[in-house]
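A short write-up of the structure that comes next.
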Amino acid sequence: MSESIPTPSIAPPDIIRCAYAELIVTDLAKSRDFYVGVLGLVVTHEDEDAIYLRAFEEYLHHSLILRKGPEAAMSVIAYRVRSVAELDVAEAYYRELGVRVERRPAGSTRGIGEAVRILDPLGFPVEFFYEADHVERFTRRYDVHGAGAISRLDHFNVVTPDIAAARSYYEGLGFKVSEDIKDEEDTTYAAWMYRKATVHDVALTGGDGPRLHHIAFATHERSQILHLCDHLGALRESDKIERGPGRHGVSNAFYLYLLDPDGHRIEIYTHDYYTGDPDNPTLTWDVHDNQRRDWWGTPVVPSWYANASKVLDLDGNVRDVVERLETRESDVTIGADGFSYTRKEEADGQKVGAGFKLGNQA
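What follows is the structure in structure tokens.
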């Protein structure tokens, strides 16, 4: 049963988009080989403790930090707000909400200005900032682009036990729902939520949490994703490919899921769609329709449902994980154990595809 998260009496901060993530890794050299050597991300700064990375189209200091630590985990996800003034709004909003709030001076994170960092009601460490150092945008640096060039950070996907409460919380922040997964009893298994005009900045996946399911980077073309597969094959490291390549039903995106040396899941993603109109409808998928996860019907590997990265609190301690009590998506689908489809029985005994439906955006 969903636990209600109170809504503050004041307006939330004006969030533009997802902006960066920080992952704790146990071996910086191995992580550098993966993120720079294979994925081709650009190094903005590196030292003995951390590597700051960005994709080719990004001009802010970084969109990913790899920080050395004793145990692999996610230490923060960050959203950019519309102005410096929105930091005061964020601080007031979360203090009224009653969660832990830290006001961080400029430079607390290299390349980032003043920020507000909180432990959100779902248990995730989240930062809000506006100011950041500008660096060279490599959009036209074709001399250094590889065939698998990655364009930008696209979204986060987080695992949380109460999707209804999580969805309501993010709607209170001004996020809209592009797509979701439900059953006939209206149980919600996942929701895709956005601020920028794409399918999502954050996806909410139902499961034991708080945990980070993945972060995703976008490319412009499917061929760039296929090149990454070839690149890993040539290195004899195709075991880093967990799932894909394929096409999602949800989001319509072409995808590839990779595991970094610590098991953090990275999605490479392209070809979703525009959601910027104010009446953009929500697409609801039936949980029994396995084409929502893969449009071609390819089964989902069990690890994709089961595994996710641990999450730290604001003091750097690993958060306890709360078990999801409602039915899990993997409990009601067959896709994870080798079959491509399930079907629902109609009242007249005819088998039909489970399908999806459009609804109006609230």
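When you line the sequence shown up against the numbering used here, it's residues 14 to 375, in that order.
From the three backbone atoms N, C-alpha and C, an ideal C-beta is built for every residue, glycine too.
These numbers come from a predicted model, not from an experiment.
Buried or exposed for residue i, going by 16 or more other Cβ atoms inside 10 Å?
i    : result
D40  : exposed
L248 : exposed
H261 : buried
A349 : Legend: pLDDT at A349 = 45, less than 50; position of this residue unreliable, no value from coordinates given.
H147 : exposed
N170 : buried
L424 : Residue numbering for the chain in the displayed model covers 14 to 375; residue 424 lies beyond these limits and cannot be assessed.
D133 : buried
V331 : exposed
S76  : buried
V157 : exposed
W309 : exposed
F352 : Bear in mind that a pLDDT of 46 at F352, under 50, signals an unreliable position, so the model cannot answer this.
G305 : The displayed chain sequence assigns Arg, not Gly, to residue 305. So R305 ends up on the buried side.
F236 : The question names Phe, yet the displayed sequence has Ser at residue 236. The residue in question, S236, is exposed, as its Cβ has fewer than 16 Cβ neighbours within 10 Å.
P26  : buried
H227 : buried
V56  : exposed
S251 : exposed
Y33  : buried
R116 : exposed
G50  : exposed
E149 : exposed
G329 : exposed
A216 : buried
P118 : exposed
A203 : buried
Can you tell which of the options has its C-alpha closest to the C-alpha of residue i?
i    : options                : result
D307 : Y182, Y270, H168, D275 : Y270
V172 : F47, F188, A128, R224  : R224
M87  : R45, G126, E115, V139  : V139
T152 : L272, E70, E336, E280  : E70
H102 : L241, P291, S121, R130 : For the sequence presented, residue 102 should be read as Val rather than His. That would be R130, whose Cα lies nearest to the Cα of V102.
V97  : I279, G126, I18, L52   : G126
E84  : E336, L338, P312, G276 : G276
Y286 : T57, G257, D326, H233  : H233
I176 : E250, Y143, T201, D292 : T201
V38  : P19, I18, E61, T340    : E61
R154 : G220, A216, G53        : G53
S121 : E99, E144, I23         : E144
P291 : T211, Y106, S22, A160  : T211
N320 : D302, D328, S343       : S343
L239 : F267, T218, G220       : F267
D333 : L325, E339, D243       : L325
R278 : L100, G259, T311, S322 : S322
R180 : E149, S164, T218, R341 : T218
N265 : K253, D273, W298       : W298
R113 : F137, E184, K189       : F137
Shorter than 9 Å from the beta carbon of residue i to some beta carbon of chain B?
i   : result
I78 : Although the question refers to chain B, the structure presented lacks it and comprises just one protein chain.
So who's on the other strand from residue i, going by DSSP bridges?
i    : result
K81  : V38
D299 : K195
A231 : R165, Y282
E59  : I64
G276 : Beta-bridge pairing links G276 to no other residue.
C242 : None; C242 has no bridge partner.
I28  : V94
G259 : Y268
L371 : L296
A216 : N170, W205
G222 : V335
Y33  : A91
A86  : I37
I254 : L271
V114 : I131
Given a cut-off of 9 Å on the beta-carbon distance, is the pair residue i and residue j in contact?
i    : j    : result
V263 : V300 : no
Y207 : T288 : yes
L186 : T295 : no
L73  : Y48  : no
A128 : F141 : yes
R95  : K209 : no
A178 : L241 : no
I18  : Y182 : yes
I28  : Y106 : no
F230 : E280 : yes
E35  : R45  : no
S191 : E255 : no
G246 : P174 : no
D193 : W205 : yes
P21  : L110 : yes
H213 : H244 : no
A63  : K81  : yes
A68  : S164 : yes
Y318 : G257 : no
Report the start-end ranges of each alpha helix (DSSP H) in the stretch 116-203 that is 4 residues or longer and not cut off at the edges.
Residue ranges of uninterrupted alpha helix (DSSP H) with 4 or more members, entirely inside the stretch 116-203 and ordered along the chain, are 176-185.
Every unbroken beta strand (DSSP E) inside the stretch 294-341 [3 residues or more]:
If we require 3 residues or more, the beta strand (DSSP E) runs fully inside the stretch 294-341 come out as 295-299.
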